[in-house]
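Residue numbers (mature numbering (1 follows the signal peptide of the UniProt record, and there is no 0)): -22 to -1, 1 to 269.
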């Protein structure tokens, strides 16, 4: 076959075979996938345990006490100028239940112990009283919280609680002295037995939790609680011998400001745990196939 015939034959074969190859190639149109977005984690309900350590600041309150008149056999009431409850460290534990992503509730038991100071003047300022004691308490509260919104690993919350505090005073050491040499006035020292009482207590809380893991939370918060007034101490031995009975001293309650930190472990699993958004993936379709 001459060179010219070979060229003509190749050209003719290309014309006939070209449509067949073109029929076998099926281009796939470009179909990009939408970027994948992290779905919100479903709120898990379930039980949880918590433990907290707090610092309570100094609290000021009011109160009153009686002075026994041995000649008449009657008591006269006077008001304290101030009663101070010294700040200290508090400890609490609790068990709770999460109902959904935003609402949870728990019951807590707390213990605290603090120094108490009281001062006053009586009988037109001629006598000054200075009292010192210690008070310890067990606090039982039912609390409810609203977890507002979650930003990454942080969830702010607000809450409130109602309950009771069993307050027990230790021995109250009373000292009184005379001012200005009032006639018939003598300095006086005595010990008074402490009394116990159960008081209604309410509290308001605000703070935030930080996810350590999907189940373990670190809690930072502020708490204000108000403890209703009650019995503080009784009469000393000489007044009891002279016929005094009942309660001699009372406090009118305390408003306590507290900062606290604690851990919470939720058995229900992940709750609004932080999930990073995945990178977008694009599908350019399969590569063309040639037959």
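Every residue gets a Cβ at the ideal spot worked out from N, C-alpha and C, and that includes glycine.
In the DSSP output, what is residue i paired with across the bridge?
{"i": "residue 105", "result": "100, 156"}
{"i": "residue 28", "result": "72, 242"}
{"i": "residue 207", "result": "Looking at the DSSP assignment, residue 207 forms no beta bridge with any residue, so it has no partner."}
{"i": "residue 63", "result": "37, 94"}
{"i": "residue 52", "result": "47"}
{"i": "residue 42", "result": "57, 228"}
{"i": "residue 271", "result": "Not covered by the structure: residue 271. The range shown for the chain is -22 to 269."}
{"i": "residue 221", "result": "Answer is none; residue 221 lacks a bridge partner."}
{"i": "residue 215", "result": "According to DSSP, residue 215 bridges with nothing at all."}
{"i": "residue 81", "result": "124"}
Residues in its own chain within less than 7 Å of residue i by CB, not counting five upstream and five downstream?
{"i": "residue 190", "result": "196"}
{"i": "residue 106", "result": "99, 154, 155, 157"}
{"i": "residue 175", "result": "145, 208, 209"}
{"i": "residue 20", "result": "Annotation note: pLDDT 48 at residue 20 (below 50); position unreliable, coordinate value reported separately. Same-chain partners within the cutoff: there are none."}
{"i": "residue 132", "result": "186, 188"}
{"i": "residue 141", "result": "117, 118, 119, 120, 179"}
{"i": "residue 163", "result": "104, 105, 156"}
Assuming residue i and residue j make a contact with CB atoms under 8 Å, what is their CB distance in whole Å?
{"i": "residue 179", "j": "residue 143", "result": "5 Å"}
{"i": "residue 228", "j": "residue 210", "result": "6 Å"}
{"i": "residue 202", "j": "residue 173", "result": "Their Cβ separation, rounded to whole angstroms, is 26 Å, which puts residue 202 and residue 173 out of contact at 8 Å."}
{"i": "residue 35", "j": "residue 235", "result": "5 Å"}
{"i": "residue 212", "j": "residue 225", "result": "6 Å"}
{"i": "residue 61", "j": "residue 93", "result": "The pair is not a contact, with the Cβ atoms about 11 Å apart (cut-off 8 Å)."}
{"i": "residue 66", "j": "residue 91", "result": "6 Å"}
Determine the burial state of residue i: buried for a count of at least 16 other Cβ atoms within 10 Å of its Cβ, exposed for fewer.
{"i": "residue 30", "result": "buried"}
{"i": "residue 187", "result": "buried"}
{"i": "residue 33", "result": "exposed"}
{"i": "residue 70", "result": "buried"}
{"i": "residue 18", "result": "For residue 18, the predicted model reports a pLDDT of 47, less than 50, meaning its position is unreliable and no value from the coordinates is stated."}
{"i": "residue 121", "result": "buried"}
{"i": "residue 237", "result": "exposed"}
{"i": "residue 28", "result": "buried"}
{"i": "residue 129", "result": "exposed"}
{"i": "residue 113", "result": "buried"}
{"i": "residue 125", "result": "buried"}
{"i": "residue 250", "result": "Because residue 250 carries a pLDDT of 41, less than 50, the predicted location of this residue cannot be relied on, and the following value inherits that uncertainty. Under this definition residue 250 is a buried residue."}
{"i": "residue 215", "result": "exposed"}
{"i": "residue 86", "result": "buried"}
{"i": "residue 89", "result": "exposed"}
{"i": "residue 102", "result": "exposed"}
{"i": "residue 72", "result": "buried"}
Looking only at its own chain, which residues have a Cβ that is under 6 Å from the Cβ of residue i, when we skip the five neighbours before and after it?
{"i": "residue 153", "result": "108, 167"}
{"i": "residue 223", "result": "none"}
{"i": "residue 48", "result": "220"}
{"i": "residue 55", "result": "42, 44"}
{"i": "residue 182", "result": "138, 202"}
{"i": "residue 206", "result": "177, 178, 231"}
{"i": "residue 96", "result": "58, 61, 109"}
{"i": "residue 242", "result": "26, 28, 195, 197"}
{"i": "residue 123", "result": "82, 135, 137"}
Could you pull out every residue in the same chain whose Cβ sits closer than 8 Å to the Cβ of residue i, ignoring the five residues on either side in sequence?
{"i": "residue 75", "result": "23, 24, 25, 26, 82, 83, 84"}
Every unbroken beta strand (DSSP E) within the stretch 112 to 197, with a cutoff of 3 residues, ordered by chain
132 to 147, 150 to 156, 166 to 170, 174 to 189
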